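Chains as they are written, first to last, in this note's numbering: chain A, 1 to 506; chain B, 1 to 312; chain C, 1 to 296.
Below: the structure, in structure tokens.
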Amino acid sequence: MGFKKHDKQTFIADSAAAFASRRITKREFLRRMGLAGVGFSAFSLGMLGNARPFRNPGLISRANAALPDDQTKFLKEVGGQFKGAKIRYTSEATPPTVVLNQIKSEFTSLTGIEVEVEIVPLEQVLAKATQDVQGQLGTYDLYYLDQSWVATFAPDCVDPVELYKSKPDLAMPGFDWDDFSEPLVEGLAKYNDKLVGIPFDIPIFVLMYRQDLLEKHGIAVPTNYEEFTKAAHAIHEAEKANGIFGTGLQAKSGHYSLECDWTQAVWGHGGSIFRPDKTFAGNDEQGVKGLEWYQDLLTVAPPQSTASTWDGQFQMMQAGQVALVQSWDEFFPGLDADDSKVKGLWQPAKPLQSAAGLRKMSDVGFGEIPNLGHQGGSIMGLSAYSKNQEAAWIFMQWACCKEIMTQCTLAGGFAPMRESSFADERVKAKAKVMPGTTRHLDIVKWTIDNVMASEPDMPLWAGLSTNEIPTELGKLLTGQDYGGSAKACMDAVAKMVDAKVKEAEL
Amino acid sequence: MAERAQIAMTGAAGARRSSRVSLRHMLSSEHPLPWLFPVTAVLIAFGVYPLLYALWLSLHKRNPVTRLSVFDPDWNWLKIFGDERVWGAIGHTYLYTSVAIVIELMLGLAIAALLDSDRKGYGVLRALMTLPLVVPPAVTGMMFLLMLDGSFGVLSRTLYALGLWSPAYPILATANSAMFGILLADVWQWTPFMVLIMMAGLRALPKEPFEAAAIDGANAVQAFFKLTLPMLSRIIALAVLIRGVDLFRVYDYIKVMTEGGPGTATETLTAYAGTIYFKNADFPYASTIALLTLILLMVTSTIFIKIFKVKF
Amino acid sequence: MKQSLALRLLRDVTAVLVVGIFMFPLLWWGLTSFKPTSAIFNKDEVVFFDFEPTLVNYQVVLMGKSRAELAIQSGSTFGVGGASSYDSRQTIIDSIVVAIGSTILTVFAGVSAAYALSRMRFRGRQAYLNWILSQRFVPPIAIIVPVVFMFHYMGLRDTLLGLIFIHTLINVPLAVLLMKSFFDDVPVEIDEAAMLDGATRFQIFRKVVLPMVTGGVAATAVLCFVFSWTEFLLSLFLTNSIRTLPVKISTFVTSTGSEWGFISALGTSAIVPSFIFILLVQKQLVRGLTLGSLKE
Numbered sequence: 001m002g003f004k005k006h007d008k009q010t011f012i013a014d015s016a017a018a019f020a021s022r023r024i025t026k027r028e029f030l031r032r033m034g035l036a037g038v039g040f041s042a043f044s045l046g047m048l049g050n051a052r053p054f055r056n057p058g059l060i061s062r063a064n065a066a067l068p069d070d071q072t073k074f075l076k077e078v079g080g081q082f083k084g085a086k087i088r089y090t091s092e093a094t095p096p097t098v099v100l101n102q103i104k105s106e107f108t109s110l111t112g113i114e115v116e117v118e119i120v121p122l123e124q125v126l127a128k129a130t131q132d133v134q135g136q137l138g139t140y141d142l143y144y145l146d147q148s149w150v151a152t153f154a155p156d157c158v159d160p161v162e163l164y165k166s167k168p169d170l171a172m173p174g175f176d177w178d179d180f181s182e183p184l185v186e187g188l189a190k191y192n193d194k195l196v197g198i199p200f201d202i203p204i205f206v207l208m209y210r211q212d213l214l215e216k217h218g219i220a221v222p223t224n225y226e227e228f229t230k231a232a233h234a235i236h237e238a239e240k241a242n243g244i245f246g247t248g249l250q251a252k253s254g255h256y257s258l259e260c261d262w263t264q265a266v267w268g269h270g271g272s273i274f275r276p277d278k279t280f281a282g283n284d285e286q287g288v289k290g291l292e293w294y295q296d297l298l299t300v301a302p303p304q305s306t307a308s309t310w311d312g313q314f315q316m317m318q319a320g321q322v323a324l325v326q327s328w329d330e331f332f333p334g335l336d337a338d339d340s341k342v343k344g345l346w347q348p349a350k351p352l353q354s355a356a357g358l359r360k361m362s363d364v365g366f367g368e369i370p371n372l373g374h375q376g377g378s379i380m381g382l383s384a385y386s387k388n389q390e391a392a393w394i395f396m397q398w399a400c401c402k403e404i405m406t407q408c409t410l411a412g413g414f415a416p417m418r419e420s421s422f423a424d425e426r427v428k429a430k431a432k433v434m435p436g437t438t439r440h441l442d443i444v445k446w447t448i449d450n451v452m453a454s455e456p457d458m459p460l461w462a463g464l465s466t467n468e469i470p471t472e473l474g475k476l477l478t479g480q481d482y483g484g485s486a487k488a489c490m491d492a493v494a495k496m497v498d499a500k501v502k503e504a505e506l
Numbered sequence: 001m002a003e004r005a006q007i008a009m010t011g012a013a014g015a016r017r018s019s020r021v022s023l024r025h026m027l028s029s030e031h032p033l034p035w036l037f038p039v040t041a042v043l044i045a046f047g048v049y050p051l052l053y054a055l056w057l058s059l060h061k062r063n064p065v066t067r068l069s070v071f072d073p074d075w076n077w078l079k080i081f082g083d084e085r086v087w088g089a090i091g092h093t094y095l096y097t098s099v100a101i102v103i104e105l106m107l108g109l110a111i112a113a114l115l116d117s118d119r120k121g122y123g124v125l126r127a128l129m130t131l132p133l134v135v136p137p138a139v140t141g142m143m144f145l146l147m148l149d150g151s152f153g154v155l156s157r158t159l160y161a162l163g164l165w166s167p168a169y170p171i172l173a174t175a176n177s178a179m180f181g182i183l184l185a186d187v188w189q190w191t192p193f194m195v196l197i198m199m200a201g202l203r204a205l206p207k208e209p210f211e212a213a214a215i216d217g218a219n220a221v222q223a224f225f226k227l228t229l230p231m232l233s234r235i236i237a238l239a240v241l242i243r244g245v246d247l248f249r250v251y252d253y254i255k256v257m258t259e260g261g262p263g264t265a266t267e268t269l270t271a272y273a274g275t276i277y278f279k280n281a282d283f284p285y286a287s288t289i290a291l292l293t294l295i296l297l298m299v300t301s302t303i304f305i306k307i308f309k310v311k312f
Numbered sequence: 001m002k003q004s005l006a007l008r009l010l011r012d013v014t015a016v017l018v019v020g021i022f023m024f025p026l027l028w029w030g031l032t033s034f035k036p037t038s039a040i041f042n043k044d045e046v047v048f049f050d051f052e053p054t055l056v057n058y059q060v061v062l063m064g065k066s067r068a069e070l071a072i073q074s075g076s077t078f079g080v081g082g083a084s085s086y087d088s089r090q091t092i093i094d095s096i097v098v099a100i101g102s103t104i105l106t107v108f109a110g111v112s113a114a115y116a117l118s119r120m121r122f123r124g125r126q127a128y129l130n131w132i133l134s135q136r137f138v139p140p141i142a143i144i145v146p147v148v149f150m151f152h153y154m155g156l157r158d159t160l161l162g163l164i165f166i167h168t169l170i171n172v173p174l175a176v177l178l179m180k181s182f183f184d185d186v187p188v189e190i191d192e193a194a195m196l197d198g199a200t201r202f203q204i205f206r207k208v209v210l211p212m213v214t215g216g217v218a219a220t221a222v223l224c225f226v227f228s229w230t231e232f233l234l235s236l237f238l239t240n241s242i243r244t245l246p247v248k249i250s251t252f253v254t255s256t257g258s259e260w261g262f263i264s265a266l267g268t269s270a271i272v273p274s275f276i277f278i279l280l281v282q283k284q285l286v287r288g289l290t291l292g293s294l295k296e
């Protein structure tokens, strides 16, 4: 039975009235509601007005048209062999995945392979991937692996370069492995000299500041940690009355975001997480200094920081609550969105220098790389237990090829993995104040190439960085324990971490 | 008439058969077996078996590097005694359960007495009162998460404006107040549950004792404490038991609102088990904690049932 | 007890106030579903009505408008976060299917078992009852991992059928104990009279006793529906592509952006069906919530 919108409204209203005055039975009422459509949601919409379905053909056809011919041919012919296969990919909702999810229909139209993208919060990605590899269930064909988990999941993934070489008939032409930014390949995807996957996204710490606020108070852009603290305090003093804070932090207790902030603080003060003898080093002099610096910053940050992850931190920036932030470059394009209150007011700058100097690689453990730009990059990994491995491999190559990765950057303004994308004319054209701006990419590239850091690589790290460390830090920062003493907190963490490392016989 | 006769005939034959103990008897509708079969099957397949598996898991020690588990029955069970966080979690669980129960009970009684009237409009009020019960707890958690946001939440900002709370200590981010933030969500959602039960109880009370007391000159307060409460005691015990069991197992609010934080201030046993499962992937240890929860719950409720003589 | 006019007025005002307080979060929530982000996160003041209402939240959630495309259009995908798609129509349908499916199974199994427990005396009856009750005590987190593996090997993972089974498990203790109390209310004499006529148990059950407890069956069904509709943890881990409502809503949050507009829109829509059902069985509700122990 078809309904015109108006008729539907009348029908529903009449039925409700009839039921209320008991002219029809309950059963009849429910039956009629069922007829009227997907329950009451349709009703409320009918009351409120018309909604046109949203279409944007421009974006979609653009992506396809730009693929080089030999790649299109490859997808149709080689990919087409796997027509009807269904592959599944689980990921956090970072920009590349979101865009990929939008344009994946183009892949399907060329190859006939269906792609199901399961986007969940980061903790759930870890939980589901863990369950999957524990039982070797093969639920997922592709994993989104945060760099801190790469060591944990290395045995479960297939080396893509090896696969490319060993199966030439499944190798996409013009893929160009050398085009990938080398620091990214080294820092994100390699573990024990094996490549675990293809670099996929690279949120990395840069400094961001409100130019208007700094100029208003004649404060120079901070270049190192001490200057940052001074500037944050100064701005907060001056702008307290306007509800503006010096800085904003992602200090949510028990969350990985706090661990990220903390690592950067420790590195920036010349400390490290581990020593070469595999003991925890966060409780040494430099580590404690770093934590104390962070504690001080909390005094000029919105109190909600201790309940905020990166998304809360972004809210603070977008709502105009804070002036100086050293955090993920991915925030940047969103700050220039059309309805943003702070459009054009934020500027990017190189990450803060360390007056204390960085700890040398020979003085740290587990492949840790202390540096100025903490990154939370991820890779896309091909599951060794996948039941559709070849089809998944074709998709992986498509998703990481030059044109598609550039498209993703164009769509979302985030940092690309490939040199060619950085240099692409279209990307450069967006380097102004506009939604999806790419004006921060120069700084990002510099950071990646010069000061990119890396967290330790060890199988326990996924758990330590999301549970033990940020939980104890949280206890310290919210006053639950340790009486404000950074040293006491770090000593407790050292005990826990050392015990676990020993138990695992690493 | 004819139908009755027909039933009588087949029934008589059936009655003869049912007196024998045989396979046919066991499968007939006279024997409990076929009636209980579906429930038993579901409970064994999806209830008992997983529990046994969890128990089996808890007897193993997991190596995080190789991911293999070796049989080591003492490892996890001894570990929980030495784990500070477990003791903290036990404390938080009992604290959460008892505080929530007391608040929900008192509020429930009060509101039930308030709304127990046949006057016009009270029916609507009572119906509205049941609305919080149908919100998925995960959604309730989010609602309160937004309202208690330290910078933008409507509840937080109202408290700041009234001078009752300082903006320097966001409710859900401060160790001392986070528990209350979560309790707020729970109390909002489940006080209506208590209200419903108490209302039923109040309505079932006989009128005579109250009339007698009024004649003797007792006022409303005295009547309440000396008559109402004692007569409701059985119902109160029952409500406390049922709600207590669910409170002990609470998970949704904690997961959505604080994830056990700040620090471990709101970490209950189930929240801790969840963390170990999903962040550390230590399934055997997590199973142990979950089973501990079950054991504590069963012991506590058995004691409660015995003391207060709750019947089913 | 006679009350003076003043007292009565006081009582009325208090009653309305109390209920109003309880309704406030829901109203606020509904209001939020019409707000643009800048009104939800305004650092200078709490926005009650001073904003331009927008329908975009409902459009995305219920009408299939694509938020991700919107975001890509506006050039920033940071803060889009959450679901692989915000379109929740399939979610609503799936939730309804699972809830109804598990309700039917639960009622069927529960009613049968309850009748036997009410009418028949056999050894171990009390123990059986205790066992059913103790199933209610199990925290879902204890059985998550075993059930996931079990389902995987049975091929039930990420299927509607699997969810139906697990929700049935959760609700069966409630159904059995509740229906038993309804059956207990029907005098055994009726059964005995029918038996004298020579009917089998099953016939008595079907033709005589069951018709007398339809109210109870309805109440049980509604409660099972509500508990299935709102179940979160098991549904989260047993599904990948299928999403029930609570799970879907949870994917809107805690990732790169919390889309409060959509959360509140979908959350508000989620409440409506259950509330309708609850209204229909107001009277039987109390008995249901106390597992049959307390009748109204």
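Glycine included, every Cβ here is placed at the ideal spot set by N, Cα and C.
Only a predicted model underlies this, so the values are computations on that prediction, with no experimental measurement involved.
- In the three-state reduction of the DSSP assignment, Phe175/A falls in the coil class.
- Contacts between Lys79/B and chain A, judged by CB atoms closer than 9 Å, are missing: the closest CB pair is about 10 Å apart.
- Here the alpha carbon of Lys430/A sits roughly 55 Å from the alpha carbon of Phe248/B.
- For the segment 278-307 of chain B, the set of positions with a beta-carbon nearer than 8 Å to some beta-carbon of chain C reads Phe283, Ala286, Ser287, Ala290, Leu291, Thr293, Leu294, Leu297, Met298 and Ser301 in chain order.
- Counting along the chain, no alpha helix (DSSP H) covers Leu382/A; the unbroken beta strand (DSSP E) around it starts and ends at Ser378 to Ser383.
- Interface with chain A (8 Å Cβ-Cβ cutoff): Thr93/B is excluded.
- CA-to-CA, the gap between Ala223/B and Leu232/B works out to about 13 Å.
- If you draw a 10 Å sphere on the C-beta of Leu27/C, you find fewer than 16 other C-beta atoms in it, and that means exposed.
- Each residue's CA atom was taken as its position, placing Val154/B and Val56/C some 22 Å apart.
- For Ile244/A, the CB contacts under 8 Å within the same chain, skipping 5 residues up- and downstream, are Leu213, Ile235, His236, Gly320, Gln321, Val322 and Ala323 in chain order.
- Cβ contact annotation for Leu105/C (same chain, cutoff 7 Å, sequence separation greater than five): Ile164 and Thr168, in chain order.
- Contact between the segment 135-144 of chain A and the segment 283-293 of chain B is absent: fewer than 3 CB-CB pairs across the two stretches fall below 8 Å.
- The Cβ atoms of Ala185/B and Thr258/B do not sit closer than 8 Å to each other.
- Take the alpha-carbon of Lys487/A and the one of Glu403/A: they are about 50 Å apart.
- Checking the DSSP bridge columns, you'll see Tyr209/A partnered with Leu324/A and Gln347/A.
- Contact annotation: in the segment 44-68 of chain B, residues whose CB is within less than 9 Å of a CB in chain C are Ala45, Phe46, Gly47, Val48, Tyr49, Pro50, Leu51, Leu52, Tyr53, Ala54, Trp56 and Leu57.
- Within the same chain, Cβ atoms closer than 7 Å to the Cβ of Ala175/B are found at Pro262, Gly263 and Ala265, the five residues on either side in sequence being excluded.
- For Phe34/C, no Cβ of chain B is located within less than 8 Å of the residue's own Cβ.
- Ser95/C is outside the set of residues whose beta carbon lies under 8 Å from a beta carbon in chain A.
- In this structure Ile204/C is not in contact with Met142/B, their Cβ atoms being roughly 49 Å apart against a cut-off of 8 Å.
- The residues Pro137, Ala138 and Gly141, in chain order, have a CB closer than 7 Å to that of Asp252/B in the same chain once the five nearest residues on each side in sequence are set aside.
- What Ala265/B touches in chain A, judged by beta-carbon distance under 7 Å, is Gln480, going in chain order.
- About 6 Å separates the beta carbons of Ala251/A and Leu477/A, which is inside the 8 Å limit, making them a contact pair.
- It is roughly 51 Å from the alpha-carbon of Leu33/B to the alpha-carbon of Lys83/A.
- The criterion of a C-beta distance shorter than 8 Å is not satisfied by Met490/A and Val185/A.
- Along the segment 144-155 of chain B, going in chain order, the ones with a CB nearer than 7 Å to a CB of chain A are Asp149, Gly150 and Ser151.
- Between Ala99/C and Phe225/C, the gap from beta carbon to beta carbon is short of 8 Å.
- Along the length of the segment 56-138 of chain B, whole alpha helix (DSSP H) runs at least 4 residues long occupy 73-82, 84-115 and 122-129, reported in chain order.
- Taking the C-beta atoms as reference points, Ser420/A is found no nearer than 8 Å to Asp201/A.
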